[in-house]
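Enquirer:
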Amino acid sequence: MTIEQIANRLVELCREGKYDAAQKELYAQDAVSLEPEHSPGLQTVSGLDNIIAKGHQFQGMIEAVHSSAVSEPVIAGNYFSVGAVLDLTLKGMGRITMTEVAVYKVDNSKVVSEQFFY
58 MTIEQIANRL VELCREGKYD AAQKELYAQD AVSLEPEHSP GLQTVSGLDN IIAKGHQFQG
118 MIEAVHSSAV SEPVIAGNYF SVGAVLDLTL KGMGRITMTE VAVYKVDNSK VVSEQFFY
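Numbering (my numbering), first residue to last: 58 to 175.
#1: Jot down the residue ranges of each uninterrupted beta strand (DSSP E) in the stretch 135-167, minimum 3 residues, whole runs only, in chain order.
#2: For the beta strand (DSSP E) containing Ile175, list its first residue and its last residue.
#3: Name the two residues that bound the continuous alpha helix (DSSP H) containing His123.
#4: Give me the Cα-Cα distance between Leu83 and Ser124, rounded to the nearest whole angstrom.
#5: Which of the three DSSP states is assigned to Leu99 in this structure?
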């Protein structure tokens with residue numbers, strides 16, 4: 058797959074809420090997921106199984122999703138970025154609007170890293 062195909066497929070699956078499917082289909086087994094230092098309980102992890110588990114951990118923090126939106130990807134070389142806005146109620150934290158930019162690196166037709174900024 059080209060980086061354009063990978064980026065568009067990731068956006069498509071994320072818009073459908075199919076995060077596990079996106080990771081299993083598009084990520085390398087040794088991919089890395091990087092969180093900012095101020096992340097609420099999420100950590101930087103390595104390996105596809107750990108990335109999937111981290112996603113489940115985040116989903117477990119959510120009491121309700123009120124709305125979500127994912128931008129079209131912006132592609133540059135082996136990288137692409139996607140913006141997202143999530144209107145969520147988090148357990149014990151109340152309702153928040155979370156805006157983030159995710160930057161993905163692709164190598165050998167697989168996502169090898171993701172880094173979140175929010």
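For every residue, glycine included, the Cβ atom is placed at its ideal position computed from N, Cα and C.
On a predicted model such as this, the values are computed, not experimentally measured, just so you know.
Expert: Reading off the structure:
#1: 136-147 and 151-164
#2: Reading off the sequence, residue 175 comes out as Tyr, not Ile. Here Tyr175 belongs to no beta strand (DSSP E), and DSSP marks it neither H nor E.
#3: Per DSSP, His123 belongs to no alpha helix (DSSP H); it is in the beta strand (DSSP E), Ile119 to Val127.
#4: 25 Å
#5: coil
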